[in-house]
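A.B. asks: Numbering (my numbering), first residue to last: 312 to 1316. In this text, a Cβ means the ideal position worked out from N, Cα and C, and glycines have one as well. All values derive from a computational prediction rather than experimental measurement. First the structure, then my questions, so here it is.
See below:
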């Protein structure tokens, strides 16, 4: 507010403003008098009441004069800002008392009351939860600390208690809306903290129970009730029923045990009723949309490829598919499977139908080419990862397990109307994990074979075009005038094409691209090509049309057509294609667009180019027969060179690595690669080119003339930059392929790096024993080599081996390996890596009792990492903090840990944020600060659940310890049992043993 408006604030220190000027309200007792007058809302307050409210049982010798003096001073303060006349009107004497007359003033406590009333009204009417929550949040934003902070006396204490109770009731309402919406990953942390601070409140207990249940922590949710029920008031009969509009009993929402007053059909259970629903696993306890917990903001995907303007015929098939897709929606998932031979137009028809009905699926359309006719069809796992990414699920939240990934996909589509198009499927087993469960969704599948294993699917066989349809398609592409100029020949041409749409389209495009070519010459050439093929089955017919177009290409176009088939990738981006062809991007773009115009390539996205699978097979045949081996090697060499150079740029942008770590094997590259601006672009590039990078690795392994050092480094960069759970197993498999080939060639450096990369990827998916074996082999391959780049590989492998052993409790061995790694990094001048190795060494050495040595190493490591960018600096602080805790300096450890936790949060490095949160929680717990420990652990647990099973178990164990310290044995037991199950699944025996010991120490229920 501006101008002459008068404003007062009670929701914090008592303050007043007149216009833009703050009023100096003087000493605390003077402020206390003003507070008493303000809360009277214009009514007269007797002098004796003012004195009692300010001083209570210890009044001054002359309380009346003291009140008069404070009022006089307040008038003087307002006079300085508002003038004498306004000050006199504001504070007036009325009989034996005073009144503050300011009907136009804004008082934050009054606004607070108005907003709370609005929230209660909306709640009672059953309004949407997000609207109610927004009103409550607006009210909470008015607060600036403890009400009337710094003021003593009975009146201030009474007002403060009332406002704090209102705040808590409003917070309960907000948390109820949070749990109804299910869109806060930190909800359990806040609910648990408040429930611990304010025991015996049914609403807080119920919110915490439901939040834990939604987080998959059912046992803890039940334990919360068991431990709280002794302190909870009895629930009223009918708790858990659906309230009518305004008919619910009026109860105190802060203390009563029954349902809070609600309306509009919103269910409001007390803890006992909620306990029964959790036992029954009532599905209505889940959020309004289970997918919102994974994707807070729904992203409607629109992935359908562009339709063809010259789509021709198929009227009956189109109408039948449209009727099936739209007519059955709402009753069950509609699945329509379209099969037919290659080139018959399945994809074209599917996309045409999907675009026709897309408005009936307002929540989006998903599309995937499953590459069923390729040498290696697309696994359903990567396809699900792409779908989940398109639906807004963060890469770090996509599970590794195929079943879990499929379940998350179905949850994300629950209640949605989404059309899923699965093109070129290999078989039912590939398709089943990709089917949604929501009755509002529909699926359209294409395949070369009938998918008989899909129960309930509508099957349709697509045959070749009718002669008149084929002729119409040919005429629309080639031009009506040219067809009419040579009567009868177009019919012969489409018949020679076997009435296959793909063949007709390619031949007509050839004619359209060459004005000098006559239909007669085209027909004769097509007949010659078919005679050369000798067979007239469908594939050979199509091959003849490919040959017709191919043999009329100029040398540059023909070469581009052949070489584009060299990498086994779904498609290539323009920069990668240009590198493959040895051309500038502009030159490559001109050639590739010409091939698109001839329907020999397709462009699924801007500046990305790929083949129809039949065309790719033909191009590969031409490549093998016509392209010299040296040319094929040279093209693959250029692609690998470009991919690695750009991956190094991405690694530098993402991690600010030491120069000596940029190329672990010093693999030479010729080109500079594509520039990468920042970490976001680095991740985006590496994710988009992952298929091309895999193809480049396979080319290197398949061609003995290509060195393997670049392939090994490329896999290393993929793992460093593209650290996503969905990619780890893919990278591990690539590294295994490199290692096998390098072993066959006797090439130790690439084999060592590949085994190191594979070991790291296996470590990240908790396959620790396999990881140790791979990294151990990498170390063995480097033994006896004291110079050259392989020393860096040895150092990295030693450090990784130390980390692997540390997580399994083998601290003495781990310290030895990490210390050796630090020495090697120091020798090659890699300061950041040396600091990291010293941090690992210090932590492991501290566990073996080498306190002074470990502290010195940790401090040196933190100094080295502090100058290597924000990520390294935060990591160094985390390493130092965990060592200081072990060395008996917990308060210094806490300072570093809290700072590192915030830095990791700002940098969005979730796994380290969670690990540092666990460290903070442990330090608080060891000092007996149980509430702070619980708050830190609860905040970190959802982060760990998205990144590391071992870290999640560690936090559950920490929470178990905290609950035990708070005398909550049931919750402690639930947490520790969950932690034990994870440790046993991961094969972490020492951690499992420690957790069992904690369980055995708990009192028996």
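Are the beta-carbon atoms of residue 539 and residue 511 separated by less than 9 Å?
C.D. replies: A contact, by the Cβ cut-off of 9 Å.
A.B. asks: Please tell me whether residue 1263 and residue 1231 are closer than 9 Å, where the distance is taken between their beta carbons.
C.D. replies: It is not a contact, given that the beta carbons lie outside the stated cut-off.
A.B. asks: Decide if residue 1314 is buried, meaning its Cβ has at least 16 other Cβ atoms within 10 Å, or exposed.
C.D. replies: Per the 10 Å Cβ criterion, exposed.
A.B. asks: Helix, strand or coil for residue 875 per DSSP?
C.D. replies: Correct three-state label for residue 875: coil.
A.B. asks: If residue 1021 and residue 978 are in contact, beta carbons under 8 Å, what's the gap, nearest whole angstrom?
C.D. replies: With a Cβ gap of about 5 Å, residue 1021 and residue 978 count as contacting.
A.B. asks: Cα-Cα, which of 1025, 999, 838 is closest to residue 1008?
C.D. replies: The shortest C-alpha separation from residue 1008 is found at 1025.
A.B. asks: At what residue ranges does the region 748 to 821 contain a whole run of the beta strand (DSSP E), taking only runs of 3 or more?
C.D. replies: With a minimum length of 3 residues, the continuous beta strand (DSSP E) runs that stay inside the region 748 to 821 are 753 to 758, 769 to 772.
A.B. asks: Using 8 Å as the cut-off, can you tell me whether the region 1290 to 1305 makes contact with the region 1253 to 1272, which would need three or more C-beta pairs spanning the two stretches below that distance?
C.D. replies: Yes, the region 1290 to 1305 is in contact with the region 1253 to 1272.
A.B. asks: Between 1094, 319, 1274, which lies nearest to residue 503 when the distance is taken from Cα to Cα?
C.D. replies: Considering only alpha carbons, the answer is 1274.
A.B. asks: Among the residues of its own chain, which have a CB less than 6 Å from the CB of residue 1130, if the five just before and after it don't count?
C.D. replies: Excluding residues within five positions, the ones whose Cβ falls inside 6 Å are 1152.
A.B. asks: Based on the DSSP secondary-structure assignment, which residues constitute the bridge partners of residue 613?
C.D. replies: Paired residues: 676.
A.B. asks: Which whole runs of the alpha helix (DSSP H) in the region 953 to 1017 are 4 residues long or more, in chain order?
C.D. replies: For the region 953 to 1017, whole alpha helix (DSSP H) runs of length 4 or above, ordered along the chain, are 990 to 999, 1001 to 1013.
A.B. asks: Would you mind giving the Cβ-Cβ distance between residue 927 and residue 876, rounded to the nearest angstrom? I have them listed as a contact below 8 Å.
C.D. replies: Going by Cβ atoms, the distance from residue 927 to residue 876 rounds to 5 Å, so yes, they are a contact pair.
A.B. asks: Rounding to the nearest angstrom, what Cα-Cα distance links residue 844 and residue 811 in this structure?
C.D. replies: Low per-residue confidence applies at residue 844: pLDDT is 45, beneath 50, and the placement is therefore not dependable, though the value from the model is reported in the following sentence. Answer to the nearest angstrom: the Cα atoms are 17 Å apart.
A.B. asks: Is there contact between the region 432 to 443 and the region 477 to 497, where contact requires at least three CB pairs shorter than 8 Å?
C.D. replies: With a cut-off of 8 Å, the region 477 to 497 and the region 432 to 443 count as touching, because enough Cβ pairs lie within range.
A.B. asks: Given residue 1253, which residues of its chain have a CB within under 6 Å of its CB, disregarding the five upstream and five downstream residues?
C.D. replies: The residues are 496.
A.B. asks: Take residue 532 and list the residues in its own chain whose beta-carbon comes closer than 6 Å to its own, dropping the five residues that flank it on each side.
C.D. replies: The residues are 520, 523, 524, 589.
A.B. asks: Locate the alpha helix (DSSP H) running through residue 332, then write down its first and last residues.
C.D. replies: Per DSSP, residue 332 belongs to no alpha helix (DSSP H); it is in the beta strand (DSSP E), 332 to 334.
A.B. asks: Ignore the nearest five residues each way along the sequence and tell me which others in residue 1212's own chain have a CB closer than 7 Å to its CB.
C.D. replies: Around residue 1212: 1224, 1227, 1228, 1231.
A.B. asks: Just verifying my parser: in three-state terms, what is the DSSP assignment at residue 312?
C.D. replies: Summary for residue 312: the model assigns pLDDT 35, below 50, so the residue's position carries little reliability, and this model does not support an answer.
A.B. asks: In whole angstroms, what is the alpha-carbon distance linking residue 542 and residue 1286?
C.D. replies: In a straight line, the C-alpha of residue 542 is about 22 Å away from that of residue 1286.
A.B. asks: Taking the alpha helix (DSSP H) that residue 908 belongs to, which residues open and close that run?
C.D. replies: Here the alpha helix (DSSP H) through residue 908 covers 896 to 908.
A.B. asks: Using the three-state DSSP reduction, which class does residue 735 fall into: helix, strand or coil?
C.D. replies: DSSP places residue 735 in strand when its eight states are reduced to three.
A.B. asks: Nearest-angstrom Cα distance between residue 660 and residue 854?
C.D. replies: So the two alpha carbons sit approximately 22 Å from each other.
A.B. asks: Taking the beta carbon of residue 862 as the centre, do at least 16 other beta carbons fall within 10 Å, making it buried, or is it exposed?
C.D. replies: Classification of residue 862: exposed, given that the 10 Å Cβ count is below 16.
A.B. asks: Tell whether a beta-carbon distance below 9 Å holds between residue 736 and residue 758.
C.D. replies: A contact, by the Cβ cut-off of 9 Å.
A.B. asks: Touching or not, the region 388 to 395 and the region 318 to 337, by the rule of three or more beta carbon pairs under 8 Å?
C.D. replies: Yes: the two stretches touch, three or more of their Cβ pairs being nearer than 8 Å.
A.B. asks: Less than 8 Å between the CB atoms is what I'm expecting for residue 765 and residue 648, so what's the real figure, rounded?
C.D. replies: With 8 Å as the limit, residue 765 and residue 648 qualify as a contact, their Cβ atoms being about 6 Å apart.
A.B. asks: If you draw a straight line from the alpha carbon of residue 1209 to that of residue 1095, how long is it in whole angstroms?
C.D. replies: Residue 1209 and residue 1095: Cα-Cα distance of roughly 43 Å.
A.B. asks: Determine, using beta-carbon pairs with one atom in the region 669 to 688 and one in the region 715 to 731, whether at least three such pairs fall under 8 Å.
C.D. replies: Yes: the two stretches touch, three or more of their Cβ pairs being nearer than 8 Å.
A.B. asks: Quick one: what's got a C-beta closer than 8 Å to residue 883's C-beta in the same chain, skipping five residues either side?
C.D. replies: The answer, listed in chain order, is 875, 891, 919, 920, 921, 1003.
A.B. asks: Tell me which residue opens and which closes the alpha helix (DSSP H) that residue 342 is part of.
C.D. replies: Note, residue 342: alpha helix (DSSP H), 339 to 350.
A.B. asks: So residue 718 and residue 709 are in contact, right, with Cβ under 8 Å, and what is the actual spacing, rounded?
C.D. replies: About 12 Å separates the two Cβ atoms, so there is no contact after all.
A.B. asks: In the DSSP assignment, find the unbroken alpha helix (DSSP H) run with residue 587 in it and report its ends.
C.D. replies: Start and end: 582 to 590.
A.B. asks: Please name the residue or residues paired with residue 328 in a DSSP beta bridge.
C.D. replies: Answer is 318, 333, bridged to residue 328.
A.B. asks: From residue 534 to residue 887, what does the alpha carbon distance come to, in whole angstroms?
C.D. replies: Answer to the nearest angstrom: the Cα atoms are 57 Å apart.
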